[in-house]
Structure formats: structure tokens, C-alpha cells
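Just below is one structure, and these are the notes that go with it.
Residue numbers (this note's numbering): -7 to 494.
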């Protein structure tokens, strides 16, 4: 008798499941590529997800639904759909998803660094824009940039005299690390506390961990077992622990010095806010807020500008015509070349063709090809498709930059396409979104733009650049590496030559 009731119950449940499965939804779901049981479409992401998703979008359209494990994810890949997400319905999807792989780490300031959208987050962002990344603050750190640039020019001049290869990828990263660290902590890492190499290792490891595959992010209830088994969780803990120890060391040094200068470094300002018991939302500004802001500065500021400068120089090395034209603009405007000449912020602002070169670099090589994921908090429609709450959402800016409907010959590096073109990178033109848009736009955008212009202007003014012996424009590789950011897979090696040399 018990078996009869069990079989009857099983039959009823089966009928119910079949009827639910075939019930017509009252809303239109975006098209979704066929997936596999359990993992869904995860296997279709490939080593470079932004490229794989671009290929899929050609078949399934600019609004596409994927099942990544148990997580529903929508990918938008056209300016029109990006505008709807980042402007029209920005408030509906400007929160961050609860990434379980990060949340399980035993450092509660990570909840602030990757915070969801609310009044508290809005005030924290406003503080960063006004106090840390304003035009006034950028002007204040200009002497730091000039000092580090002089060191870099001297180093490259020595290589130029011997006509030896230099690793521009490393040079750019070192330059940015030195400037950011001095601006943030007032410390020279080449002589004190941590050497540059070890500090860069900390940043590299943290970025790699952020961009790594975490099973718990796609299978929230059971994925942590896989992360423990593979050692990813322990590696993430170690990475954040090392950074936390570094923050504590910097904070300790600043508290010992008890600095009271009106215009100190970033950490001075943040400690004053903590001491003054500043209020954010419904709570006070705490030590955890300081660490969260420092993490965003380090991971968002050092690598990104270096990546853009590397890609720009790689493209210029492949396009001698553009290289010659941008160098002519800089040298004609700045004047006679001499080894001590430093180009100031006002002068770089007048280099119109250089700005076009940088825009074209961002079009082809956006640092974050898939904007950091958002989470839908309130349902809305895009192109007639309903986007449900709790859906994760990505904007594929890499695909938008290669859309042939917008860009003529999109694979060609052609800065002149921006002549008499109003498209800018400040988040209002959805054809070009290297810094994102809407409430989640990069708060340090102005600092990032000026940093890239400053670095490229000097290297193109002071030196000519040649490919390594035996390498031609055609075989100069432009492969991307996988990860959260789209950096060059192989380091950029070029030979510097002083302009007056034969």
C-alpha cells in the first residue's frame, strides 16, 4: 500500500513539473543559446569571454540570456541596449551581485569595496570624487608624476644609448605604481617599506584572484566545496591577507608620524575623516571604509592606465604612419627636444591627435572589456525582453567597439575616425565606454585620462621607437591575456632611440 501511494505521488509530481515547464510565460525572455545540464552555458565562455560572447551575440542578438551555472546572466552588446541599461534603467540595475567567492573571505571591508547600491554607497562615492579624484587633487599630484617621469626618462635614455630592448609593459606598470603609491601613502617603494617588485606582485595576485573562476559565484550553495578542493579559497584568503597587512603597515606609519598637513596624501585625508567621525548614510566612517577605498585605488588605478599605455604603444609600433604623425604633433607643439623637458598638464591638454590615438586605443582595447557585473533589483524591459530581478547583467564594451554598424573598418587602428566626431569617453556616448556610465561610472576617470596622456606624451616626445631586430609589423603579436582586465598577453618589447641619433 505504501508503494502504491509513493508511485501515485511520483506520478502527480511528474505531471505537475511537465505542465509548469510548458506553461507559457507572461513575459518575453531574451534569446538563450542551448546549454548543458547543471553548468548551463559556462562552457561557451572560453578563455576570452568578451570575444566568445561577441560571437554568440552575432547569432542571438544584442540582448542575450545565458545560464552560468545557476545564475541567470544577460549580456548587452550594442550602444542602444547599453544606453537602456546604463542610463534609462540605471537605477534598476546599479547594484553589484553578491559574489559568494569574495563574500566568504574573512575580511569584512570587502563588503564595502564591492558594495551594493544604496544611500551609503552614494555618499562614499561622492566623497571619493570630491576629495580624492578631483581636478584639484590631480593638479596637486602633478609634481609626483614629474619626478617619476624624470626617473623613467633617465632609465630609457641609458637603454637608448646602448640600443637595447626595454620592457615597456613593466616600465608603465612601475611608473603608475610609484605615482599611485606616493599619492596614496606618501611612500617611495623603491627605497622604503616594500620594494616595487614585491608590491607589484601583491597587486598582480589580487587582480588575478578577482578575475579567476570561482565555482561558488555560479553555484552559490555548493560551489564553495570546489573552491576549497582546488585551493582557490585559500589563495584568495592569502592574497587579501597580504594586502590587509600592507594597509595596516601604511596606516601605522601615518599614525606614528601624526601628520597634520592641510594637503597630505590620500591616506592622510582618509584618517582625518575617520578621526573627525564623518558620517556615511546611517553609519560612521571607519577603518574598514579606509581599507575598502585603498583597495579600489590600488586595484583600479595602477594596472588600468598601464594597460592602456601598453596597448597604445603596441598599436603605434604596428602603425608607423600614426606614430610619426602623433610624434610630430607633440614635438611641434612642445618645441625643441631636451632631456630635462617635462610636459605639463595644460600642454598635454592641447595635444588633439594624441587624444584621438588614446580614444582609438580604448575603442579596440578597453581595459575592462566586460563592465563589472551589475545586479537587477527591479524588473524592466530592453528591446521588448523582460529582465527579471536578481539577474546578473554585463555590458560587452569590447563588442561595441568593434560593431561595424558604428565603426567603419572596425579592426583597423585609425585615430582619424574621431576628427569632427563628438563621441567622447565620459559616459554620455554609448559607442565608447572605457570608464562605464551611469551611477557606476569610474570615479577616477579624470585622473586616469590625464595619467595616460602624460605618460604617452613624454615617451613619444623624448624617444623614437623601433621593433626588436628581426620583428616586422606583421608578426608583432597583439594577443590578449585572460582575466578581469584585457592586458597584452606578452610584454611589449621595443628599442628606444633618441631622435637626434642616426
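Where a beta carbon is used, it is the ideal one built from N, C-alpha and C, also for glycine.
When the Cα atoms are used, what is the spatial distance from residue 381 to residue 388? 20 Å
Using 8 Å as the threshold, is the C-beta distance between residue 427 and residue 352 below it? no
Mind checking whether residue 485 and residue 66 have CB atoms under 8 Å apart? no
Quick one: what's got a C-beta closer than 6 Å to residue 456's C-beta in the same chain, skipping five residues either side? 489, 491
Can you grab the Cα-Cα spacing for the pair residue 475 / residue 40, in whole Å? 8 Å
Burial state of residue 173 (16 or more Cβ within 10 Å): buried
What's the gap between the Cα of residue 337 and the Cα of residue 378? 46 Å
Nonlocal neighbours in the same chain, by C-beta distance under 6 Å from residue 168, ignoring five residues either side: 294, 297, 298
I need the straight-line Cα distance from residue 305 to residue 448, nearest angstrom please. 8 Å
Run the CB neighbour count on residue 237, radius 10 Å, all protein chains shown included, and call it buried at 16 or more, exposed below. exposed
Could you give the residue range of the alpha helix (DSSP H) that holds residue 247? 224 to 249
Reference residue 429; option with closest CA among 170, 419, 267: 419
If you compare alpha carbons, which of 344, 22, 285, 143 is closest to residue 333? 143
Leaving out five residues before and five after residue 136 in sequence, what residues of the same chain have Cβ atoms less than 7 Å from its Cβ? 171, 174, 175
Contacts around residue 154, its chain only, beta-carbon distance under 6 Å, and the 5 residues preceding and following it disregarded: none
How many whole angstroms separate the CB atoms of residue 257 and residue 177, which I take to be in contact at a CB cut-off of 8 Å? 6 Å
Nearest neighbour of residue 415, chosen from 51, 465, 393 [CA to CA]: 393
Where do the ends of the alpha helix (DSSP H) carrying residue 443 lie? 437 to 454
Please return the same chain residues whose Cβ sits closer than 8 Å to the Cβ of residue 325, not counting the five positions on each side in sequence. 339, 342, 343
Taking just the CA atoms, how far does residue 132 sit from residue 316? 32 Å
To which residues of the same chain is residue 471 closer than 8 Å at the C-beta, ignoring the five residues directly before and after it? 480, 481, 482
Outcome for residue 424 when other beta-carbon atoms lying within 10 angstroms are tallied against a minimum of 16: buried
Out of 48, 83, 32, which has the shortest C-alpha to C-alpha gap to residue 62? 32
What does the alpha-carbon distance come out to for the pair residue 287 and residue 239? 9 Å
Residue 359 beta carbon less than 8 Å from that of residue 477: yes
Starting from residue 68 and walking both ways along the alpha helix (DSSP H), at which residues does that stretch end? No alpha helix (DSSP H) contains residue 68, which is instead part of the beta strand (DSSP E) from 63 to 68.
Return yes when the Cβ of residue 362 is within less than 8 Å of the Cβ of residue 496, no when it is not. Any answer about residue 496 is impossible in this case: the structure gives the chain only from -7 up to 494.
Quick one, are the C-beta atoms of residue 438 and residue 127 less than 8 Å apart? yes
From residue 310 to residue 345, what does the alpha carbon distance come to, in whole angstroms? 17 Å
What three-state label does DSSP hand residue 388 in the structure shown? strand
7 Å Cβ shell around residue 52 - same chain, five flanking residues per side excluded: 23, 25
With distance defined between alpha-carbon atoms, name the residue in 301, 82, 60 nearest to residue 208. 60
Opening and closing residue of the beta strand (DSSP E) in which residue 58 lies: 55 to 60
Option in 277, 290, 350 with minimal Cα separation from residue 192: 290
Who are the Cβ neighbours of residue 54 in its own chain at under 8 Å, not counting the five residues just before and after it? 68, 69, 70, 72, 73, 375
Mind reading off the beta-carbon distance from residue 164 to residue 302? Whole number of angstroms is fine, and I expect it under 8 Å. 6 Å
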